[in-house]
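Notes follow once the structure below has been shown.
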Amino acid sequence: MPVAPAQGVDSETKLTFVEFLLTSIDVQESARRAVDWLVAHATVTEAAVLVQEGVSNEMLLVAEYGVSSAAIMDFTLNRDDGSHPLIEALHSPIPVFLEGLPSHHRVPLEAKSFHALPLRSDSTEPGHGLLLVSGLGPKLDSETIWLGRTLGKQVSRLLGRQLLAETRFGQERMLLYSIINAVTDPILLTDTEGKLIIANSHAEKLFAAPEEASEGWRRAAALNNMLFSAALSTSAVGMIEMARRELLLVDPLEGSDLLFELLSSRAKDERQGTYVVSILRNVTDLARAKEEIEESYRTLRVAQAEVRDERHRLDLIIDSVADPILVTDQEGDIVLMNTPAERLFNAPRIDDEMALRRVRANGANLTSFVSNVLTRSGEQRYRGEIQLGDPLTGRPLPVEAVAGTILSEQGELMWVVTILHDLTEAIEKARLYEQLKQASVELERKVQEATAELAEQNELLRRQHIALEQASALKSQFLANMSHEFRTPLNAILGYTHMLLNNVTGQVTDPQRKSLSRIDSNARHLLALINDILDITRIEAGRMPLHATTFGLGELFDEVQSELEPIIKRSNLVVTTKVRGAVPSVRSDRQKVKQIVLNLLSNALKFTPAGSVTMTASCDAGARQVAIAVKDTGVGIPEEDQIKVFEDFRQLDSSPARGYGGTGLGLSICRRLAQILGGTIELESTPGRGSTFTLRLPAKARRR
Amino acid sequence: MSAPVRIREQPLVLVVEDYQDAREMYAAYLQFSGFDVAEAGNGIEAIEKAIELLPDIVLMDLALPRMDGWEATRRLKNDERTRHIPIVALTGHALAGHAEGARDAGCDAFVTKPCLPDALVAEINRLLDAHRSNAESVKDPARSPRSTKKRS
Numbered sequence: 001m002p003v004a005p006a007q008g009v010d011s012e013t014k015l016t017f018v019e020f021l022l023t024s025i026d027v028q029e030s031a032r033r034a035v036d037w038l039v040a041h042a043t044v045t046e047a048a049v050l051v052q053e054g055v056s057n058e059m060l061l062v063a064e065y066g067v068s069s070a071a072i073m074d075f076t077l078n079r080d081d082g083s084h085p086l087i088e089a090l091h092s093p094i095p096v097f098l099e100g101l102p103s104h105h106r107v108p109l110e111a112k113s114f115h116a117l118p119l120r121s122d123s124t125e126p127g128h129g130l131l132l133v134s135g136l137g138p139k140l141d142s143e144t145i146w147l148g149r150t151l152g153k154q155v156s157r158l159l160g161r162q163l164l165a166e167t168r169f170g171q172e173r174m175l176l177y178s179i180i181n182a183v184t185d186p187i188l189l190t191d192t193e194g195k196l197i198i199a200n201s202h203a204e205k206l207f208a209a210p211e212e213a214s215e216g217w218r219r220a221a222a223l224n225n226m227l228f229s230a231a232l233s234t235s236a237v238g239m240i241e242m243a244r245r246e247l248l249l250v251d252p253l254e255g256s257d258l259l260f261e262l263l264s265s266r267a268k269d270e271r272q273g274t275y276v277v278s279i280l281r282n283v284t285d286l287a288r289a290k291e292e293i294e295e296s297y298r299t300l301r302v303a304q305a306e307v308r309d310e311r312h313r314l315d316l317i318i319d320s321v322a323d324p325i326l327v328t329d330q331e332g333d334i335v336l337m338n339t340p341a342e343r344l345f346n347a348p349r350i351d352d353e354m355a356l357r358r359v360r361a362n363g364a365n366l367t368s369f370v371s372n373v374l375t376r377s378g379e380q381r382y383r384g385e386i387q388l389g390d391p392l393t394g395r396p397l398p399v400e401a402v403a404g405t406i407l408s409e410q411g412e413l414m415w416v417v418t419i420l421h422d423l424t425e426a427i428e429k430a431r432l433y434e435q436l437k438q439a440s441v442e443l444e445r446k447v448q449e450a451t452a453e454l455a456e457q458n459e460l461l462r463r464q465h466i467a468l469e470q471a472s473a474l475k476s477q478f479l480a481n482m483s484h485e486f487r488t489p490l491n492a493i494l495g496y497t498h499m500l501l502n503n504v505t506g507q508v509t510d511p512q513r514k515s516l517s518r519i520d521s522n523a524r525h526l527l528a529l530i531n532d533i534l535d536i537t538r539i540e541a542g543r544m545p546l547h548a549t550t551f552g553l554g555e556l557f558d559e560v561q562s563e564l565e566p567i568i569k570r571s572n573l574v575v576t577t578k579v580r581g582a583v584p585s586v587r588s589d590r591q592k593v594k595q596i597v598l599n600l601l602s603n604a605l606k607f608t609p610a611g612s613v614t615m616t617a618s619c620d621a622g623a624r625q626v627a628i629a630v631k632d633t634g635v636g637i638p639e640e641d642q643i644k645v646f647e648d649f650r651q652l653d654s655s656p657a658r659g660y661g662g663t664g665l666g667l668s669i670c671r672r673l674a675q676i677l678g679g680t681i682e683l684e685s686t687p688g689r690g691s692t693f694t695l696r697l698p699a700k701a702r703r704r
Numbered sequence: 705m706s707a708p709v710r711i712r713e714q715p716l717v718l719v720v721e722d723y724q725d726a727r728e729m730y731a732a733y734l735q736f737s738g739f740d741v742a743e744a745g746n747g748i749e750a751i752e753k754a755i756e757l758l759p760d761i762v763l764m765d766l767a768l769p770r771m772d773g774w775e776a777t778r779r780l781k782n783d784e785r786t787r788h789i790p791i792v793a794l795t796g797h798a799l800a801g802h803a804e805g806a807r808d809a810g811c812d813a814f815v816t817k818p819c820l821p822d823a824l825v826a827e828i829n830r831l832l833d834a835h836r837s838n839a840e841s842v843k844d845p846a847r848s849p850r851s852t853k854k855r856s
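If you read the sequences in order, they're chains A and B. The end of the first sequence is residue 704 by the numbering used here, with every number in the run present. The end of the second sequence is residue 856 by the numbering used here, with every number in the run present.
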């Protein structure tokens, strides 16, 4: 049916509207624009657009004008409701004018009459929706009809059933997105393998790194994904409907640790299978707070333990003190005591009468002491002695008590601390010390006595020594005198014998001469003995005077040789003297050196039956020492006897009828003389081959 | 002052010795040997005899009663009349000090007992010879080499 062009509406306006519709893809938007256009270009009082919802048969109100909210409240219309005038209109090929509708058919408009224009692309198909317009009168104007057709085509084009459904799904999805994005906790939807399906923006921050993200961010995101999957898989394996666990992730921007509580639950969908919905609640701060509380609690526990330990230690310490310690309050009652104190002030057994009595006595003594302390509250320390007793044995126990007072902050006396010190030991020590002192005094006295005795004995010894020296001197003097006394008669004997032998008193007969010769030789021997004894006596008494002179050894040899000439002649021995090299003159006691050499030579002559005797003088390199050797080819001296020959009265043949004569003191005197001259006599000898006696002397005798 | 010179056929020896046996033995032997002999038994007697007889030589035992030989020698050597007479000390004591004492007292020679008579005679002759030659060569005996040696 041809429709006259709308009055007052130019084609330009229509074109603009059609262009809009062509660009629009939204049914609702298009419907609203259409209503707007209608209101602008027609005299409508009410307008509404109903469109069939996608898959259902519900008709939805997508745009309206001038409709009261009460009218559209709870308005529903189902396509299947064929009796409803609007559904009838939907299937009508042309717009329908409805008027005076029964009240049980609800319509969105309040007007009694209105036009219902089915919205479709052509008249062959049922309408997808309705355009309801009131206020135009019974007859529709051409503009409204045009609009109805245009909107019908638009709705048909845009939606169809499918399109409308999709639009609605998308809207819901958007809504869901904005809802889950609005939640501040990260939310993730995953499949059972942990593959991400949906994540809200907070979750994305944790698990997804944008293109421009730093390396650290990307790695943090990767790590978080791994941690999350791992956490999820454990719950998936357990097939727990609702799992709650802690999950430590990394803040990709800060790099700090974030502690989450992971709540994951399974969502079962009949068509799409099973999903896992995970909600992460940030409990980092909570954890920190918890840790702090735990830490405080631990500290508290430690402090409590320390206080307990301290108390325990204190108990141990005061118990370990060997001295009894007691603390009494201002009433004088014991509030604390250590183990040693308990032994004194607590009865060991209740049935021990004696012990109980002693304990009570101890307590009474202590109380009187403490009450003394209390009355003298001005003093800090109070010291005294208490006589206690051992509760078990009754042994008296003198103690020294030292009390100190403990005052409160207000200066009020709180406690008295008393330490008891056992004086038994101290008293015993004092006693022992006294004993020791006495012993020491006694010892000192004895030492003094002993010292005095020693001094006395020393004095005695000294006197004895002096007496001995005197005796020794007297002996020497005696011997000297005696030898003088011996000599005087001997002198006469020798003299008269000599005179007789020299025929001073007349011619003597040969037998008389023989006898006189025996007298003479025996007297000479006796004289020699006396002289030798005198020499030894003088040497031993240290009274052998030395007269040092300087002399040559050659002359000395000549002198000795000439003195012994008669003997040499008788012996038939070859006697030679040698002075080897430049032997210096000797400074010594000439007479004594001569005496030694004379002795050695006469010995050599005496003990050499045949051969020779040689006297040699020599000196060492520095001419500091001279040696006079007397060498013979005589009988010799066995080695074991070589020391003996220097002893007093020694001759190797000590039989009375010895063949060699002499006093036996010669070598002994020689050795003594050599010693006082600072020299030595050495002997080398081979029995049967001869002996060599060597006198060594310093070339310059030291002053004696 | 010159010493008085007595002309004698034989020199006179004054033997001073307290031990009679020894004194007479020496006297007998000296007479046998051609000397005149005078004898004295102690120091005082020795001084008297020396001053009286002015012997040619004195044989003086040192250990003497009344006055010992040292003192007697000292007195004789301090006396103008007897100073020139040589004195031979004779002692049995060989202990230290005796010889020194004798020399300090003024003895001209020293002989230790026992001394055989002929040894004594030999010593006396030696001393007399030395003394005689000194007296002849030097008028003043105080300047004789012997005296010089003694004082040095």
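Glycine included, each C-beta is placed from N, C-alpha and C at the ideal position.
| Check | Outcome |
| --- | --- |
| L175 (chain A) and A34 (chain A) closer than 8 Å at C-beta | no |
| Cut-off 8 Å between Cβ atoms - residues of its own chain near H498 (chain A), not counting five sequence neighbours on either side | D520 |
| Chain A contact residues for P857 (chain B), given Cβ-Cβ distances below 7 Å | Residue 857 (chain B) lies beyond the residue range present for chain B, which begins at 705 and ends at 856; the question has no answer from this structure. |
| Against chain A: residues of the stretch 776-794 of chain B by CB proximity under 8 Å | none |
| Simplified DSSP assignment, three categories, for D772 (chain B) | coil |
| Selected residue, minimal CA-CA separation from N372 (chain A), among A:P396, A:G394, A:I350 and A:A401 | A:A401 |
| Alpha-carbon spacing of F736 (chain B) relative to A754 (chain B), whole angstroms | 22 Å |
| C-beta neighbour in chain A for F736 (chain B), strict 8 Å | yes |
| Any chain A beta carbon closer than 8 Å to A744 (chain B) | no |
| At least 3 beta-carbon pairs within less than 8 Å: the stretch 324-331 of chain A vs the stretch 408-419 of chain A | yes |
| The stretch 515-529 of chain A: positions lying closer than 8 Å to chain B by Cβ | L527 |
| Beta-carbon spacing of L388 (chain A), A355 (chain A) below 8 Å | no |
| Three-state secondary structure (DSSP) of I519 (chain A) | helix |
| Beta carbon proximity, P818 (chain B) to chain A, threshold 8 Å | yes |
| Distance, D822 (chain B) Cα to I828 (chain B) Cα | 10 Å |
| Backbone secondary structure at I493 (chain A) - three-state DSSP | helix |
| For I713 (chain A): DSSP bridge partner residues | Given that chain A is displayed from residue 1 to residue 704, the structure contains no residue 713 (chain A) and the question cannot be resolved. |
| Enclosing alpha helix (DSSP H) for R157 (chain A) [first to last residue] | S142 to L158 |
| Distance, D772 (chain B) Cα to C811 (chain B) Cα | 13 Å |
| Cα-Cα separation, E540 (chain A) to I669 (chain A) | 10 Å |
| Whole-Å CB distance - V705 (chain A) paired with L601 (chain A), under 8 Å assumed | The structure shown does not extend to residue 705 (chain A), since chain A spans only 1 to 704, so no value can be given for it. |
| Partners in chain B for E513 (chain A), counting only beta-carbon separations shorter than 7 Å | The residue you asked about is not Glu; residue 513 (chain A) is Arg in the sequence shown. Here the premise fails: no neighbours, minimum Cβ distance about 17 Å. |
| Selected residue, minimal CA-CA separation from G127 (chain A), among A:A617, A:P118, A:K446 and A:V133 | A:P118 |
| Same chain only: Cβ atoms within 6 Å of V277 (chain A), ignoring 5 sequence neighbours per side | L189, S265 and A267 |
| Euclidean distance between Cα positions of T76 (chain A) and L50 (chain A) | 10 Å |
| Bridge partner(s) assigned by DSSP for Q387 (chain A) | A:P398 |
| Cutoff 7 Å; reference T537 (chain A); Cβ partners in own chain excluding five residues on either side | S476, L479 and A480 |
| Where the stretch 718-734 of chain B meets chain A: residues whose CB sits under 8 Å from a CB there | Y723, D725, A726, M729, Y730, A732 and Y733 |
| Cβ pair S571 (chain A), G634 (chain A) closer than 8 Å | no |
| Same chain, Cβ closer than 6 Å to P252 (chain A), five either side skipped, listed in chain order | W217, A220 and A221 |
| Inter-residue CB distance, A742 (chain B) and L766 (chain B) (contact presumed, cutoff 8 Å) | In fact, because the Cβ distance is near 19 Å, the residues do not count as touching under 8 Å. |
| Element boundaries [alpha helix (DSSP H), containing I791 (chain B)] | Note, I791 (chain B): premise wrong, no alpha helix (DSSP H); beta strand (DSSP E) at I791 to T795. |
| Classification of A721 (chain B) by the beta-carbon crowding that lies within 10 angstroms, buried from 16 upward | A small fix is needed here, since residue 721 (chain B) is Glu in this sequence, not Ala. Burial call: buried. |
| CA nearest to the CA of T686 (chain A), picked from A:V307, A:I637, A:K700 and A:K644 | A:I637 |
| V575 (chain A) to R672 (chain A) span [Cα, whole Å] | 26 Å |
| Interface residues of the stretch 478-492 of chain A facing chain B [CB-CB below 7 Å] | A480, H484, R487, T488, L490, N491 and A492 |
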